[in-house]
Each structure stands twice: as C-alpha cells, then as structure tokens.
Amino acid sequence: MDKPVLYIVIPCYNEQEVLPVTSGMFLNKVKSLAEAGKVSEKSRVMFVNDGSKDNTWSIIRTLAQQDEHFVGVCLSRNRGHQNALLAGLMTAKDMADVTISIDCDGQDDINAMDKMVDEYLAGCDVVYGVRSKRETDTWFKRTTAEGFYKVMNALGTNTVYNHADYRLMSKRALEGLAQFHEVNLFLRGLVPLVGYRSSSVYYERAERIAGESHYPLKKMLNFAFDGITSLSVKPIRLITSLGFFISLASFIGILWVLLTKLLGATVSGWASMLCAIFFMGGVQLLCLGVIGEYIGKIYNETKQRPRFIISETTFEQQPKQ
Ligand code: UDP
Ligand code: MG
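Letter 230 of the sequence shown, counting from 1, is numbered 230 in the working numbering, and no numbers are missing.
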C-alpha cells in the first residue's frame, strides 16, 4: 500500500504575528512524519485564510512560493472558524488520504500528531485530540470551557469532553462529513455522528504563541448556544416539562384560591397575583426566545446559502468530476 498523503488543515484569521512562528513548526512536522515513513512525501500544510484583515494571506502566499509543502486557500470573506475549517477539509479531501485539523496559534501540541497518525495506521478513521490539562488557560477560560462540555453532554449532544477541533479524519470520514449539509455548523458535534472507528490522543494545551484569542466571552457563549441548539432539541423538551410543572403548580394554586374564597378570607392577594404575573411573563418570554432560536435555525437552513466561497488558492484546483 502507498503511504497516505496527509494534509494538515489550519484556519487562520488575522494571524500575522503567529504564522511566521508556527508555520515552521508545522513544516517540520510533515517533513519528519514523511521521513519516518509514516506519510507520503506529497503531504502538505494547508492554510485557510478566513478573510483576514491583516497580512495573513500575503504571508501564506509567500510561504507557498518558498516551499512546496505549503498550500493556501483564501475565502472570499470572514466566515468564522468552523466554516473556514470546513472549507479547508472539503478542499483537502480531494487531494489527501487523511487530514489533521489544528489551530494556527500553537496552543495544541503538534507532537500529538505522531500518535494520531499511528492510530490512523492502526485502522482508526477519526482520532480526537483531547486536552488532558489546561493549566496554562486562565481559571476563567478553563471553567467556562469545561462547563460548556458538561452542559453540552447533559443536553444530549454527543461531544468528546475537552476536545476542540484538533483531530485526524480519514478520507472516508470526510466524505461522510460532506454529506451533512447543515448551514449551522458545529463540527465537534457532527464528527461523532459520522461514525467509523475512533480513538483519542491526549496532550497538554499550551499558551497562545502570539496574538490574541478570537473567542472572548460573548463569542464563546454564542458558540455554545449555537452548538446546543443545532445539535439537540432538549431545550424545547425542557420547556415542555417546565410548562407541565407550572401548570401543575397553578392547578394547586387555583384549588387554594377557591378554598380560601369559600372560607371567605379573600382580602389579601395583591402580592401573590403580581408575583404570578411577573413570573409567568418572564417564563413565557424565555420560552418564546428558545423556540425562536430554533425557528431562526430552520430559517437559515432552508435558505441553503453556501457555507463558504473560495476566492483564491495557491495551487491548481482539480476540476470536479
Ligand atoms: N479563526 C478563524 N476565523 C475566525 C476566528 C478564528 O479562522 O473568525 C481561527 C484562528 O485563526 C485560530 C483558530 O480559529 O487558528 C482558533 O481561534 P483562537 O485561537 O482565537 O481561539 P481559542 O483557541 O482562544 O479558543
Ligand atoms: Mg487558540
């Protein structure tokens, strides 16, 4: 059997400070994997420029000119990490036998790739990179991120605990992923749905080498909420149960009201009535919001807009058969 062609797929958004440092690390990694005879000499490092506003794309182009191991894909505008990653994976799928996706900031230990490739060679189609420790993350980031995985799983989505988008996927798994046409992308939740044999490789997460995180609290919360609502209908079920319990409580309340009325002690009531009105108003708005979120998702899905548009590549694109 020929050695597998590996593509390392890396989304980049405004990463001009980081790229010059980490690109060399990625290059050494593909070269050493090829020298060790695990992957083919045709393996590449693929950068996806996600509509950066700085010099990221020109850095990628220069890298591609300097060394044939680098290739670049440029999106027509900023589409966010998940879409950029999908664009890279879907482009790489036609040229590679296996891909590894990773962030370009050096936070994920690239040495875990050796073990990932070993697992692939041993027959796994998906290998998850899992953070064993997050000591370098701030307490806040760590707690919010870990809370996120717990909430996700409690809500019934099938995500791998402490796994971000550092993972190996075989061609077959990518072809499976390509059959998921959803616009609301949450790859971490989709990949387990693709199936096939999978395993995990553990590594320690380091600090960002340079530049700043693109995921401040607000974006993180949005991402979490998007993930939950695009993978699970449990929130709507929770609303149904909530409605059920509130109805039950109201029924008991009504019995109590009737009883006090019959006993002739109906002077008070102002406070309890206002509480009930406020409480019900709040609960109803909340529930409408959650349902609205799902309707918004349906709205976006029915439009079937393209998930990414590639404007430029540093290589000849193969004609689609
Ligand atoms: N990224 C992207 N598009 C965006 C935001 C981020 O392609 O709109 C890339 C970014 O360049 C990096 C990866 O996604 O390679 C993860 O981003 P970041 O390191 O800022 O997130 P964190 O590790 O802090 O969660
Ligand atoms: Mg990062």
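C-beta atoms are modelled at their ideal positions from N, C-alpha and C, and glycine is treated no differently.
- Between the ligand UDP and the CB of E17, the shortest heavy atom gap is not smaller than 8 Å.
- The bridge partners DSSP lists for M46 are V9, V71.
- Taking 8 Å as the cut-off, one finds no heavy atom of the ligand UDP near enough to the beta carbon of Q284.
- Counting C-beta pairs closer than 8 Å gives three or more between the region 290-304 and the region 212-230, which meets the contact rule.
- Rounded to the nearest angstrom, the Cβ distance from R172 to Y196 is 7 Å, consistent with a contact under 8 Å.
- Counting along the chain, S58 sits inside the alpha helix (DSSP H) bounded by residues 56-66.
- Under the DSSP definition of a beta bridge, M169 partners with T99, V126.
- Residues V117 of the same chain have their beta carbon placed closer than 6 Å to that of K38, with the five preceding and five following residues left out of the count.
- Taking all protein chains in view, the Cβ of I110 is crowded by 16 or more other Cβ atoms within 10 Å, so the residue is classified as buried.
- Membership of I310 in the beta strand (DSSP E) is indicated by the continuous run 310-313.
- For the ligand UDP, the residues with a Cβ under 6 Å from any of its heavy atoms are, in chain order, P11, C12, Y13, E15, D50, N78, G80, H81, A84, D103, C104, D105, Q107, S213, H214, Y215.
- Contact annotation: the region 79-95 touches the region 1-9, with at least three C-beta pairs closer than 8 Å.
- The Cβ atoms of L242 and V191 lie no closer than 9 Å to each other.
- The criterion of a C-beta distance shorter than 9 Å is not satisfied by A87 and R77.
- Taking all protein chains shown into account, K29 has 16 or more neighbouring C-beta atoms within 10 Å of its C-beta and is therefore buried.
- Less than 9 Å separates the beta-carbon of Y128 from that of H163.
- Excluding residues up to 5 positions away in sequence, V71, G72, V73, C74, T91 lie with their Cβ nearer than 8 Å to the Cβ of T313 in the same chain.
- The secondary-structure analysis by DSSP pairs S200 across a beta bridge with Y128.
- Membership of A206 in any alpha helix (DSSP H) is not indicated, and neither H nor E is assigned to it by DSSP.
- The alpha helix (DSSP H) runs of length 4 or more contained entirely in the region 252-309 are, from start to end of the chain, 270-303.
- With a beta-carbon spacing of about 20 Å, K219 and L155 fall beyond the 8 Å limit used to define contacts.
- Taking 4 residues as the minimum length, the alpha helix (DSSP H) runs contained wholly in the region 209-244 are 217-231, in order along the chain.
- DSSP, read as helix, strand or coil, puts A36 in coil.
- Less than 9 Å divides the Cβ of D137 from the Cβ of R205.
- Taking the Cβ of R167 as the reference point, every heavy atom of the ligand MG lies at 8 Å or farther away.
- Ranked by how close their Cα comes to the Cα of V194, the residues L177, V201, E35 have L177 in first place.
- With a cutoff of 9 Å on beta-carbon distance, V201 and K115 are scored as near each other.
- With respect to the 9 Å criterion, E301 and N222 are not classified as neighbours on the basis of their beta carbons.
- Rounded to whole angstroms, D2 and K141 show a C-alpha spacing of 43 Å.
- Bridge pairing for K133: E204 [DSSP].
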